[in-house]
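Protein chains in written order, with my numbering: chain A, 3 to 260; chain B, 27 to 428.
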């Protein structure tokens, strides 16, 4: 898997999609994010790793305002994230997110999960929304589950539905918050395959994950975070073979040789 | 393995071994015996009670029967849904009492539902002040006995209202004083039916508009301001008909009399106190049910809905509430039952509900057994009817889930 690292990588543009400048966040006294500077170009695929509690999830959750940052600047596709609700709405429309625990709506069928937001937010006719939904269900290879409820699906299937649900909004960026951490080992691959396919199509992605094989295959850049700071970032090959910081080396030795 | 192969007849013997177990070791026979014992105990206790009752009635010379319901009651009610006089039979007073109870419970339940919903949502607010106000309300109400609250409303709040001659008045149409709330009463004249028809038609049109808006959204994606438009239709159409037909409804406006107002509709302070007290008290419990229902939906659901770009109010309506409702309905059934049962406190503040009327009837006739039976039968059947309706609704909501 590690040898074909560049084979799946489409080109990255110079256009900036996400810019974070000096972003800080506190939970009471606890300093979760410390001066985060991060620029993500259109088409870039970024993997964020680090020990638990290092602020990885909090960082990406700040991008679509599921968490509020207290200092610094975040710009997504030219829209600055402020207290302006219109801006927050616009950004959420362009940023898709996949969660560790899927968070599908249990009272709606798979198809209804996929069409809810297109119908209400994008004001798309139901039939059209359903066509788009079926297209993405085929892309994640479970069109036959459209009429079922989330509770009737396996974890891997649920996560693929969650990815399809985000894609139905036609986002410019996809955020993944540990998408495979809650899955049984045999289901991780089916979800990663979908994510690899998405990367190949040129989607801008930021992915918090410990799947280092995935990082080597699709990432342009791997970011290591610890205690709220970005410690190191590099291309996957360099990152895994020649980590510069002692903390990165320690972390990698812990997750790669267990 | 070797043993199993070697002794096949052992396995067969084991398979039928329960034939040989002593009956006190057989779990099915023991279960049956236990049930038999319980049933016999209940029958024996029931027989003791009935025999005791019959013996005592015999000894005191009181017959059992419902014939006393036809006797003239000879006492007046301060409030009655249907007209009663001093000559009305006891049976009619009991019917009126039942209706009085139902009317008070109905309005209390409506107040409890809406105020409870409001307080419950306030309790969840991120605004510190709003959330604390709601919490304080809930804690105060839950920790004071209901009877005390009713007495507070009746004897503490409503007695501070002015005497009839100093009545508070709104536009000289509505008057409020210590003797009650006096409102104009509509008196239909020729053509009034058409206004009523216009009102019913407006509701029909509003339902049609809602359905049409839904279908259009599904077909084209366009949304429609259903709520304000329907509000305008339901208010506007009957008003238009009323004006067009030359105001075919006259209003019987309360007139100041020598001691009090005459004409119009009167709502007695006893009734107001009961409805407000019972409604606001139950609202505190309803608020907690609403809060726990909404809290029971994981925060991940809200996050997922927001991340998809849904506005917070859509998130509440389309994602959170449908899931919260499932959790809220069973405890809500209990609260509605509580409203009906707690309305028996009405007698303490002078509202003639079934419980207090039966108390008087029993005093006058000495028919304690029949009166208690009627009471039990009434509250049992009202409670069961509410249960059946709410459980039916609960099943419908559950079906949405799966």
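Heads up, the beta-carbon is just placed ideally off N, CA and C, and yes, glycines get one too.
None of these values were measured; they are calculated from a predicted model.
Sub-8 Å separation of residue i and residue j beta-carbons
{"i": "residue 127/A", "j": "residue 236/B", "result": "no"}
{"i": "residue 132/A", "j": "residue 117/A", "result": "yes"}
{"i": "residue 279/B", "j": "residue 210/B", "result": "yes"}
{"i": "residue 145/B", "j": "residue 163/B", "result": "yes"}
{"i": "residue 109/A", "j": "residue 348/B", "result": "yes"}
{"i": "residue 180/B", "j": "residue 299/B", "result": "yes"}
{"i": "residue 51/A", "j": "residue 211/A", "result": "yes"}
{"i": "residue 66/A", "j": "residue 177/A", "result": "yes"}
{"i": "residue 90/B", "j": "residue 395/B", "result": "yes"}
{"i": "residue 374/B", "j": "residue 177/B", "result": "yes"}
{"i": "residue 193/A", "j": "residue 182/A", "result": "yes"}
{"i": "residue 157/A", "j": "residue 185/A", "result": "yes"}
{"i": "residue 216/B", "j": "residue 274/B", "result": "yes"}
{"i": "residue 400/B", "j": "residue 412/B", "result": "no"}
{"i": "residue 243/B", "j": "residue 249/B", "result": "yes"}
{"i": "residue 209/A", "j": "residue 49/A", "result": "yes"}
{"i": "residue 104/B", "j": "residue 295/B", "result": "no"}
{"i": "residue 14/A", "j": "residue 222/A", "result": "yes"}
Coil, strand or helix - residue i by DSSP
{"i": "residue 4/A", "result": "Model confidence at residue 4/A stands at a pLDDT of 39, short of 50, so the residue's coordinates are unreliable; what they give is reported in the following sentence. In the structure shown, residue 4/A sits in a helix (DSSP, three-state: H, G or I)."}
{"i": "residue 424/B", "result": "helix"}
{"i": "residue 90/B", "result": "coil"}
{"i": "residue 267/B", "result": "helix"}
{"i": "residue 68/A", "result": "coil"}
{"i": "residue 256/B", "result": "helix"}
{"i": "residue 2/A", "result": "Outside the modelled stretch of chain A, which goes from 3 to 260, sits residue 2/A, for which no answer is possible."}
{"i": "residue 226/A", "result": "strand"}
{"i": "residue 83/B", "result": "helix"}
{"i": "residue 399/B", "result": "helix"}
{"i": "residue 287/B", "result": "strand"}
{"i": "residue 247/A", "result": "coil"}
{"i": "residue 41/B", "result": "Any answer about residue 41/B is weak, because its pLDDT of 49 lies below 50 and its placement is not dependable; what the coordinates show is given next. Three-state DSSP puts residue 41/B in a helix."}
{"i": "residue 200/B", "result": "strand"}
{"i": "residue 79/A", "result": "coil"}
{"i": "residue 330/B", "result": "helix"}
{"i": "residue 61/B", "result": "helix"}
{"i": "residue 336/B", "result": "coil"}
{"i": "residue 105/A", "result": "coil"}
Pairwise C-alpha distance: residue j and residue i
{"i": "residue 14/B", "j": "residue 70/A", "result": "Because residue 14/B is not part of the residues shown, which for chain B are 27 to 428, the question remains open."}
{"i": "residue 71/B", "j": "residue 359/B", "result": "32 Å"}
{"i": "residue 83/B", "j": "residue 101/B", "result": "26 Å"}
{"i": "residue 133/B", "j": "residue 406/B", "result": "20 Å"}
{"i": "residue 225/B", "j": "residue 251/B", "result": "21 Å"}
{"i": "residue 292/B", "j": "residue 330/B", "result": "53 Å"}
{"i": "residue 388/B", "j": "residue 403/B", "result": "16 Å"}
{"i": "residue 191/A", "j": "residue 180/A", "result": "14 Å"}
{"i": "residue 286/B", "j": "residue 205/B", "result": "8 Å"}
{"i": "residue 99/B", "j": "residue 362/B", "result": "32 Å"}
{"i": "residue 97/B", "j": "residue 57/B", "result": "52 Å"}
{"i": "residue 17/A", "j": "residue 46/A", "result": "10 Å"}
{"i": "residue 239/A", "j": "residue 218/A", "result": "7 Å"}
{"i": "residue 281/B", "j": "residue 117/B", "result": "34 Å"}
{"i": "residue 234/B", "j": "residue 115/A", "result": "27 Å"}
{"i": "residue 307/B", "j": "residue 370/B", "result": "15 Å"}
{"i": "residue 92/B", "j": "residue 129/B", "result": "26 Å"}
{"i": "residue 323/B", "j": "residue 49/B", "result": "50 Å"}
{"i": "residue 229/B", "j": "residue 65/B", "result": "54 Å"}
{"i": "residue 147/A", "j": "residue 166/A", "result": "12 Å"}
{"i": "residue 351/B", "j": "residue 29/A", "result": "32 Å"}
{"i": "residue 203/B", "j": "residue 302/B", "result": "16 Å"}
Boundaries (first-last residue) of the alpha helix (DSSP H) holding residue i
{"i": "residue 227/B", "result": "218-246"}
{"i": "residue 126/B", "result": "116-149"}
{"i": "residue 359/B", "result": "347-368"}
{"i": "residue 164/A", "result": "157-169"}
{"i": "residue 432/B", "result": "Outside the modelled stretch of chain B, which goes from 27 to 428, sits residue 432/B, for which no answer is possible."}
{"i": "residue 194/A", "result": "187-202"}
{"i": "residue 388/B", "result": "380-391"}
Residue i CB to nearest heavy atom of the ligand PLP below 7 Å
{"i": "residue 208/B", "result": "What this structure holds is no ligand at all, so the ligand PLP is not there to describe."}
CB contact below 8 Å: residue i versus chain D
{"i": "residue 122/A", "result": "Looking for chain D here will not work: the only protein chains present are A and B."}
Start and end residues, beta strand (DSSP E) containing residue i
{"i": "residue 43/A", "result": "32-43"}
Does the contact criterion of 3 or more C-beta pairs under 8 Å hold for the stretch 79-89 of chain A versus the stretch 155-163 of chain A? no
Would you call the stretch 24-35 of chain A and the stretch 62-77 of chain A in contact, with 3 or more CB pairs under 8 Å? yes
Do the stretch 87-97 of chain A and the stretch 323-342 of chain B touch if we need at least three Cβ pairs shorter than 8 Å? yes
Taking contact to mean 3 or more Cβ pairs, one atom from each stretch, closer than 8 Å, check whether the stretch 224-236 of chain A and the stretch 41-60 of chain A are in contact. yes
Any contact between the stretch 181-201 of chain B and the stretch 253-265 of chain B? By contact I mean 3 or more CB pairs, one from each, below 8 Å. Too few Cβ pairs lie closer than 8 Å, so no.
Taking three-plus beta-carbon pairs below 8 Å as touching, is the stretch 303-315 of chain B in contact with the stretch 138-156 of chain B? Yes, the stretch 303-315 of chain B touches the stretch 138-156 of chain B.
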